[in-house]
Amino acid sequence: MAGDIEARLQELGLELPAAPVPVANYVPALQAGNLLFISGQIAKAADGSLMTGSVGTDLTVEDGQKAARLCALNILAQAKAALGSLDRIQQVVRLTGFVNAGAGFADHPKVINGASDLMVEVLGDKGRHTRAAVGASGLPANTAVEVDAILMVG
Amino acid sequence: MAGDIEARLQELGLELPAAPVPVANYVPALQAGNLLFISGQIAKAADGSLMTGSVGTDLTVEDGQKAARLCALNILAQAKAALGSLDRIQQVVRLTGFVNAGAGFADHPKVINGASDLMVEVLGDKGRHTRAAVGASGLPANTAVEVDAILMVG
Amino acid sequence: MAGDIEARLQELGLELPAAPVPVANYVPALQAGNLLFISGQIAKAADGSLMTGSVGTDLTVEDGQKAARLCALNILAQAKAALGSLDRIQQVVRLTGFVNAGAGFADHPKVINGASDLMVEVLGDKGRHTRAAVGASGLPANTAVEVDAILMVG
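Structural data, given as structure tokens:
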């Protein structure tokens with residue numbers, strides 16, 4: 013039986029990508045006490061394509077928001093894989109959003125809103141988190157955005 | 013009644029800025045167990061002005077330290093807003109300091125000392141934290157420094 | 013008596029560097045509940061030399077991996093100094109790996125594998141962690157890599 017949050021995802025017409033499996037000596041998610049740590053997720057869509065490039069140069073802020081939204085969907089996909097059900101998420105505690113962007117770019121918060129908004133759309137108040145949004149000189153596979161997370165889970 | 017730490021702030025002649033309220037789907041502070049997570053704070057002064065620019069180019073290291081100090085004051089302002097009293101801080105556990113700086117700049121630790129020193133001035137040994145200090149290719153609104161935090165609270 | 017993990021280090025022919033002591037108002041490691049937070053460690057070798065430069069420009073990816081491995085050894089050195097014995101590590105929960113690299117560099121995961129692989133070589137499954145790997149526009153003292161950590165300890 014799909015849970016309430018999965019029902020909400022369907023209602024929103026959102027599809028969780030397959031949770032990407034790391035090909036190295038790390039894991040996508042790990043629980044310590046009631047905190048679930050989730051590895052940095054990149055802007056990979058459900059069809060496997062990756063949004064790449066530097067925001068503000070190769071990509072617009074709106075593109076960057078879409079990329080951040082994909083990162084958030086991948087965080088939820090990893091949480092579901094780790095927890096069995098998204099209903100076990102009690103609170104999204106922290107998101108750290110890294111925006112692939114050069115000197116002079118200053119709209120990192122707008123970009124990371126793409127991830128923040130998705131969390132609140134799907135999880136309601138449980139999706140309201142603390143966050144940092146910063147510029148990265150480059151990111152893995154040239155992803156436009158990378159977001160990692162800490163969730164409180166029951 | 014103001015607590016001991018607020019008395020200490022007054023003694024030091026320090027004024028906490030108004031705790032900035034995020035205008036998006038995230039929150040400035042959130043407690044999980046006895047850890048208080050605080051969103052990345054920028055170098056906004058009590059008068060609302062923001063220290064902007066790239067450290068090492070637009071700004072000196074000393075300017076950067078002042079910016080980091082402002083970030084730390086904003087962290088304390090957020091902690092006070094979340095906890096009611098700064099006396100509930102048991103330990104500053106982690107600061108992550110992002111310095112707006114280009115390639116070749118190498119004095120990130122000196123810059124972030126502005127935040128670390130403020131924490132110890134105000135909180136004594138409870139202000140001694142672990143930290144990371146790194147360069148960011150750019151930061152929100154072109155702030156010179158951004159610092160996020162995890163505090164242990166009682 | 014050296015513990016099991018120290019025996020494993022010897023078996024691998026690995027020497028822990030002396031745990032670097034911060035010269036400022038922060039600490040190398042700090043425990044909150046059963047989480048041990050470790051400050052960002054740079055690529056300093058046991059002989060005191062530091063691997064510096066931008067990966068992809070001054071240094072190859074292989075050099076970057078060696079630098080990341082040194083960061084991981086320093087994390088273990090700090091953990092030993094804080095805990096007395098590495099056998100108290102129950103799980104490496106999170107590594108955040110910052111690679112000193114410019115725009116266009118995209119192999120941050122390969123670089124940070126140098127740290128991830130070392131953790132699993134030394135600690136086995138307890139070394140499997142969540143992580144983020146990102147590009148930094150510059151790092152302290154021009155270190156090639158900086159890695160911070162959160163460990164679960166008993």
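Residue numbers (my numbering), protein chains in the order written: chain A, 13 to 166; chain B, 13 to 166; chain C, 13 to 166.
We put the beta carbon where it would ideally sit given N, CA and C, even for glycine.
Just so you know, these numbers come straight off a predicted model, no measurement behind them.
1) For LYS122/A and ARG100/C, what's the separation of their Cα atoms in angstroms?
2) Please decide whether THR72/A counts as near chain C, where near means a Cβ-Cβ distance under 9 Å.
3) Provide the residue span of the beta strand (DSSP E) that contains VAL165/A, from first to last.
4) Output needed for PHE117/C: all residues of its chain with C-beta closer than 7 Å, excluding positions within five of it in sequence on either side, in chain order.
5) Let me confirm a value: ASP75/A is counted as buried when at least 16 other C-beta atoms fall within 10 Å, else exposed. Which label applies?
6) So is VAL35/B buried or exposed if we call it buried at 16+ other beta carbons inside 10 Å?
7) Compute the distance between the beta-carbons of VAL167/C and LEU26/C, then report whether it is under 9 Å.
8) What does the Cβ neighbour count give for ALA30/B, buried or exposed, with the cut at 16 atoms within 10 Å?
9) Taking C-alpha atoms, which residue in ALA115/B, GLN43/B and ALA91/B lies nearest to LEU28/B?
10) Starting from the C-beta of GLY139/A, find all residues in its chain whose C-beta is less than 7 Å away, skip the five residues before and the five after it, and write them out in chain order.
11) Indicate whether at least one CB of chain C lies closer than 9 Å to the CB of THR108/A.
12) Beta-carbon within less than 8 Å of HIS120/A's beta-carbon, same chain only, minus the 5 sequence neighbours each way: which residues are those?
13) Quick check on the DSSP output: the alpha helix (DSSP H) that includes GLY114/C runs from which residue to which?
14) Determine the chain C residues that contact SER61/A at a beta-carbon separation under 9 Å, and present them in chain order.
15) Looking at the C-beta of SER101/C, does it have a partner C-beta in chain A at a distance below 9 Å?
16) Who pairs with ALA145/A in a beta bridge, going by DSSP?
17) Tell me which residue opens and which closes the beta strand (DSSP E) that LEU24/C is part of.
18) When the Cα of CYS83/B is compared with those of ASN125/B, LEU47/B, LEU98/B and LEU42/B, which residue comes out closest?
19) Using a Cβ cut-off of 9 Å (strictly closer), state whether GLY114/C contacts chain A.
20) Just to confirm, are ASP129/A and ASN86/B a CB contact at a threshold of 9 Å?
21) At the level of alpha carbons, what is the spacing between GLN77/B and ALA127/B?
22) Got a sec? Which residues, its chain only, sit under 7 Å from ALA55/B by beta carbon, not counting five neighbours each side?
23) How would you list, in chain order, the residues of chain B whose beta-carbon sits under 8 Å from the beta-carbon of THR142/A?
24) Below 7 Å on C-beta distance, what does SER149/A contact in chain B?
25) Are the CB atoms of THR142/B and ALA41/C nearer to each other than 9 Å?
26) Residues of chain C with CB under 7 Å from SER145/B, in chain order?
Checking against the coordinates, here is how it stands:
1) LYS122/A and ARG100/C: Cα-Cα distance of roughly 42 Å.
2) Not one chain C Cβ lies under 9 Å of THR72/A.
3) Segment 157-165, the beta strand (DSSP E) holding VAL165/A.
4) For PHE117/C, where only same-chain residues beyond five positions count, the Cβ hits under 7 Å are VAL67, GLY68 and GLY147.
5) The residue is buried, with at least 16 neighbouring Cβ atoms inside 10 Å.
6) Flag for VAL35/B reads exposed.
7) Residue 167/C lies beyond the stretch modelled for chain C, which goes from 13 to 166, so this question has no answer here.
8) ALA30/B should be labelled exposed.
9) When only C-alpha atoms are compared, the closest one is ALA91/B.
10) Within the same chain, Cβ atoms closer than 7 Å to the Cβ of GLY139/A are found at VAL104, MET131 and VAL132, the five residues on either side in sequence being excluded.
11) Using a Cβ-Cβ cut-off of 9 Å, THR108/A counts as an interface residue toward chain C, since at least one Cβ of chain C sits closer than that to its own.
12) Hits under 8 Å: GLY109, VAL111, ALA113, ALA145, VAL146 and GLY147.
13) Per DSSP, GLY114/C belongs to no alpha helix (DSSP H) and is neither H nor E.
14) Those within 9 Å of SER61/A in chain C number zero; the least Cβ separation is about 16 Å.
15) The sequence given here places Ile at residue 101/C; Ser does not occur at that position. Judged by the 9 Å Cβ criterion, ILE101/C is not in contact with chain A.
16) Its beta-bridge partners are GLY109/A.
17) Secondary structure note for LEU24/C: it is in no beta strand (DSSP E), with a DSSP letter that is neither H nor E.
18) Between CYS83/B and the set ASN125/B, LEU47/B, LEU98/B and LEU42/B, the nearest pair of CA atoms involves ASN125/B.
19) With 9 Å as the cut-off, GLY114/C counts as an interface residue toward chain A.
20) In this structure, ASN86/B does not lie closer than 9 Å to ASP129/A by Cβ.
21) Rounded to the nearest whole angstrom, the C-alpha separation of GLN77/B and ALA127/B is 7 Å.
22) These residues qualify, in order along the chain: LEU62, MET63, ALA79, LEU82, CYS83, THR155, ALA156 and VAL157.
23) Here the neighbours are TYR38, VAL39, PRO40, ALA41, LEU42, PHE49, ILE50, SER51 and ASP160.
24) Under the 7 Å cutoff, chain B gives SER149.
25) For the 9 Å CB-CB criterion, THR142/B and ALA41/C form a contact.
26) In the sequence as presented, Ser is not what sits at residue 145/B; that position holds Ala. Under a criterion of Cβ atoms nearer than 7 Å, the residues of chain C adjacent to ALA145/B are, in order, GLY52 and PRO152.
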